[in-house]
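Order-wise, the sequence lines are chains A and B. Heads up: the first sequence begins at 6 in the numbering used here, then just goes up one per residue. Heads up: the second sequence begins at 3 in the numbering used here, then just goes up one per residue. Ideal Cβ positions, reconstructed from N, Cα and C, are used throughout, including at glycine. Worksheet for the structure shown next.
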Amino acid sequence: MPVSYYIILASALFCIGVAGVLTRRNAIIVFMCIELMLNAVNLLLVAFSKMQNIATPPGSVSVGGSDAQIFVFFIMVVAAAEVSVGLAIIVMMYRNVHSIDINFLNRLKN
Amino acid sequence: MNALVLCIPLLPFLGFLLVGLLRNKLSRPLIGIIASGVIGIAFILTLVIFFTHYYPANAITYFDFIKNSKYDISFSFQVDQLSTLFMLIITGVGFLIHVYSTSYMHDETPAHYARYFSYLNLFVFSMLLLVLGANYVIMFLGWEGVGICSYLLIGYWFKNNQYNYAARKAFVMNRIGDVGFLLAIFWLLARLGSVDYSIVFSNASALSTTDVTGITILLFVGAIGKSAQIPLYTWLPDAMAGPTPVSALIHAATMVTAGIYMIARSNVLYSLSPVSMDIVAVIGVATALLAASIALFQNDIKKVLAYSTVSQLGFMFVALGVGAYTTGVFHVMTHAFFKALLFLGAGSVIHAMGGEQDITKMGGLRKKIPITYWTFLIAVLAISGFPFTSGFISKDEILLAAYSHSKPLFWLTAFAAVLTAFYMFRVFMLVFLGGFRGNDEQQHHLHESPPAMTIPLIILAILAAIGGFVQLPELFGGHDYFNQFLAPVVPALSHEGENLATKEYALLGGTIVGLIIIFLFCKKWFAVNQFEGKYTGFKNVLAHKWYMDELYDAIIVNPFNNIAGFLKSIVEKSGIDGIVNGVGRFIQYSSRQVRLIQSGLVGNYILIMVLSITVLFMVFWNQDLIIAFLQKIF
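Quick look at the structure:
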């Protein structure tokens, strides 16, 4: 499959994520959209690494391919940790203001 | 011995610190004792130098004052005959005036009393520094020091605004002269690389005529300011706002003669520039005449004496200008005696009259204050040139020197001398003879001053009477001891090949006849019971000092004030303040607008972030285009 398919898919996912973050006020949805953007980038990383592996001329030793695949797992682990922190914040926010509308956060002003 | 020399100026400085810092602690007698004592000790030390003939050939260097790769200006003292003579005058007359002041100022509160004496001590310190310095920079230090002390003492009664203006006037006019002095110092440094007297005078002949003339004229500008000559003389009469002993010490005996000292000290330079000498002589005689003419119709006893001082300083400059440096210095000495005596006598009169200075309200004080009367009489005779008083001998020498230089100069100077006798007799008659013209309260208050005031008067009277004998002409059995004393430093004018005897007899005869005529006229006009003191016509012009102050106000002071007012109210208020406040207001306004971006809405932040990133990407992709566009513009 040409790499452009992956790029288009990743771009589409990223744009959906951006649009979601910009338009939605529900903190959980916003959060999910952020994850969508993150994973779009992840997907692109995996795709590029795969393509680079294929593009290696025959006879020469492959230098890429699996590194980024493993790298992506690390990203997912870190993202999972980040999600837990983010969700904890949302839970605390809900306990305090009984709402998960992000515009409520402007109360931090002043 | 070098440490002893250093002690002479340091003692008054010590007195200044002690009296000044402990002004709230010390009692009045103690203040008087300390302040007069340090000057007395300094006088004794000066006498030691004088009698042991301690005149080292080289300057005594104490430490480096300004030292860099180009210039080496050291803090050093030059003890020679000229500086010793001035030190004797400063500490001697200064001591008498300190003693006099202890009594004259007794109405002041102790703190102000101490302030007065600390200023006076600081003045003596500065003046000693001025005459002791072995280079022009140290002289300039003292020069500035006496200027500030003069300012402080003129404005001593600082609650009177009029006195403050007088002090400011004196200070500003002195500053104008100081600029000239400073420029001369710079000029010397640029041409010779040194300001030490020894180096400057030994290399003076290497200077071009332009340089010498420029330097000497600039030095003379300094002397004009300090010694109150035309056109900077108007501060001295106003300086009479200060206490009378201050007028005696600073504005008659010592400070105003600093200009004469400076020119006598720089005689080597002046002798190289005939143009400057002529300027000095012309300014001197013009000042002598102008001031004497003003003194004729003043009604304030101190004003008369002030103009008389200006006039006498003019005589000294005439002597310097015709090359008779020693004569100029000699007149400084005799003038210090009789003018200090006149001022102290005037102080005693004012004291007796309870603060009255208007001579039209005095009269007939002869019987009431006899010691003041007799000492004042001696001073009047001395300044008028009564034969064989100190003033006669010094003024005769000036006239002789002027005569051998040019005839018109002689006649003008002689005329100024006649005017001197006239206005001095006028004051004397109005104050001491005739009938009392004051009110009853003043008549009741009349009393002779205490001994602390009369003893200095008597000592000065003796000096004024016989102080001139050190330079009695040989014709009358004297010898020019004074000229010989100063000969190693200042050359005397040579009267070689002139027929001195005839001229001196002529002068003596002329003086006696003139004085008798003046005495008779004055007795007729001024020894009276009623005196109005109102003048009309030309006399009124003279009584208004030729309207000089008004002229200066009109052409300098008022335009200057107007410009300053314009700068203050227009340029400063709307210009500079406008810019400063405008910047502040712009920052405030713009930050208030920028602050609105920080709305606290997370969505907005994210939107801005996304848009910014998009813009950055656009710029990144099109950077070639943008750079090309920018290059096209600039």
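Subject >> Proximal residues of chain B, C-beta to C-beta of L27 of chain A below 9 Å >> reply: G605, I608, L609 and V612
**OP:** Could you name the residues of the same chain whose beta carbon sits closer than 6 Å to that of F588 of chain B, not counting the 5 residues immediately before and after it, in chain order?
**Re:** none
**OP:** Within its chain, find whatever has a CB closer than 8 Å to the CB of V51 of chain A; leave out the 5 residues flanking it on each side and keep chain order.
**Re:** A73, Q74 and V77
Subject >> Residue span of the alpha helix (DSSP H) that contains S204 of chain B, given as start and end >> reply: Y199 to S204
Original post:
By Cβ distance below 8 Å, which residues in the same chain neighbour S207 of chain B in space, the five residues on each side in sequence not counted?
Top reply: L274
**OP:** Pull up the DSSP beta-bridge partners for N162 of chain B, would you.
**Re:** In DSSP, N162 of chain B forms no bridge with anything.
Original post:
Taking just the CA atoms, how far does A61 of chain B sit from A637 of chain B?
Top reply: Lying outside 3 to 636, the shown extent of chain B, residue 637 of chain B is not represented and no answer is given.
Subject >> Reduced DSSP category for G91 of chain A - H, G, I as helix; E, B as strand; rest coil >> reply: helix
Original post:
Counting along the chain, where does the beta strand (DSSP E) carrying K69 of chain B start and finish?
Top reply: I62 to K69
**OP:** Ignore the nearest five residues each way along the sequence and tell me which others in Y64 of chain B's own chain have a CB closer than 7 Å to its CB.
**Re:** L8, F77 and S78
Original post:
Just reading off the alpha helix (DSSP H) that I514 of chain B is part of, what are its end residues?
Top reply: L502 to F528
Original post:
Any Cβ of chain B within less than 9 Å of the Cβ of N108 of chain A?
Top reply: yes
Subject >> Counted within 10 angstroms of its Cβ, other Cβ atoms place E399 of chain B as buried (16 or more) or exposed >> reply: buried
Original post:
Assuming M242 of chain B contacts A308 of chain B under a Cβ cut-off of 8 Å, what Cβ separation, rounded to an integer in Å, is found between them?
Top reply: 5 Å
Subject >> Nearest neighbour of C20 of chain A, chosen from A:S9, A:P7, A:K55 and A:M42 [CA to CA] >> reply: A:M42
Original post:
Do we get a CB-CB distance below 9 Å when we pair V23 of chain A with the residues of chain B?
Top reply: yes
Original post:
Does R100 of chain A get closer than 9 Å to chain B when you measure Cβ to Cβ?
Top reply: no
**OP:** Spatial neighbours of F183 of chain B within its chain, please: CB distance less than 6 Å, with the 5 preceding and 5 following residues excluded, ordered by chain position.
**Re:** G224
Original post:
From I461 of chain B to L414 of chain B, what does the alpha carbon distance come to, in whole angstroms?
Top reply: 33 Å
**OP:** Run the CB neighbour count on P11 of chain B, radius 10 Å, all protein chains shown included, and call it buried at 16 or more, exposed below.
**Re:** buried
Original post:
Can you tell which of A:V26, A:A32 and A:H103 has the C-alpha that lies nearest to the C-alpha of V612 of chain B?
Top reply: A:V26
**OP:** Output yes or no for whether 9 Å exceeds the beta carbon distance between L221 of chain B and A186 of chain B.
**Re:** yes
**OP:** Determine the contact status of G325 of chain B and A403 of chain B, defining contact as a CB-CB distance below 9 Å.
**Re:** yes
Subject >> Inter-residue CB distance, G366 of chain B and F438 of chain B (contact presumed, cutoff 8 Å) >> reply: 4 Å
**OP:** Measure the C-alpha to C-alpha separation of V287 of chain B and V582 of chain B and round it to an integer number of angstroms.
**Re:** 54 Å
Subject >> Nearest neighbour of K69 of chain B, chosen from B:L459, B:G195, B:L502 and B:V101 [CA to CA] >> reply: B:G195
Original post:
Any heavy atom of the ligand MG closer than 8 Å to the CB of Y64 of chain B?
Top reply: Among the components modelled here there is no ligand, and therefore nothing to report on the ligand MG.
Original post:
Where do the ends of the beta strand (DSSP E) carrying D74 of chain B lie?
Top reply: D74 to F79
Original post:
Which one or two residues does DSSP pair with G94 of chain B in a beta bridge?
Top reply: Paired residues: none, contrary to the question.
Original post:
First and last residue of the alpha helix (DSSP H) that includes T336 of chain B?
Top reply: Y327 to A354
Subject >> Buried or exposed (CB count within 10 angstroms, at least 16 for buried), S576 of chain B >> reply: exposed
**OP:** Check G195 of chain B in the structure and name its three-state DSSP category.
**Re:** coil
Subject >> Where the alpha helix (DSSP H) through K228 of chain B begins and ends >> reply: T211 to K228
Original post:
Between the C-alpha atoms of I34 of chain A and G586 of chain B, what's the straight-line distance to the nearest angstrom?
Top reply: 45 Å
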